[in-house]
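Numbering follows the UniProt record's numbering, with no gaps: position 23 of the sequence shown is 23. C-beta atoms are modelled at their ideal positions from N, C-alpha and C, and glycine is treated no differently. See structure below.
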Amino acid sequence: EMALTRDGASLKSLRPWTVRPGLTPRQRTALEAARRLGYFAVPRRADLAAVATELGVSRSSAAELLHRGVSRILAEAFDTAPPPPP
1 EMALTRDGAS LKSLRPWTVR PGLTPRQRTA LEAARRLGYF AVPRRADLAA
51 VATELGVSRS SAAELLHRGV SRILAEAFDT APPPPP
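Here is the structure:
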């Protein structure tokens, strides 16, 4: 792994992409659906309502699944612990 630096701060490089076991099956399904639908595309091709409909859940549940899933992936990428559950 290489170290990246920016303004004197050292960041661990991102590891080759793999889905980490830290994702729950629901988070993984939500992230895969959001990606497939274009939720993460620029410009966005799908909104949160479309992701929620695809998953058969409310918008707030879809938002929480995506938020927690992305948070876990970022925590793993930067070697930090994900925030504790509420």
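When C-alpha distances from glutamate 54 are compared across Thr24, Arg36 and Leu74, the shortest belongs to Arg36. In the same chain as arginine 59, and ignoring 5 residues on each side of it, the C-beta atoms closer than 7 Å to its own belong to Leu48, Ala49 and Ala52, in chain order. Per DSSP, reduced to three states, the secondary structure at glycine 38 is coil, with no helix or strand assignment. Shortest Cα-Cα distance from glutamine 27 to any of Asp79, Ala41, Ile73 and Phe78 involves Ile73.
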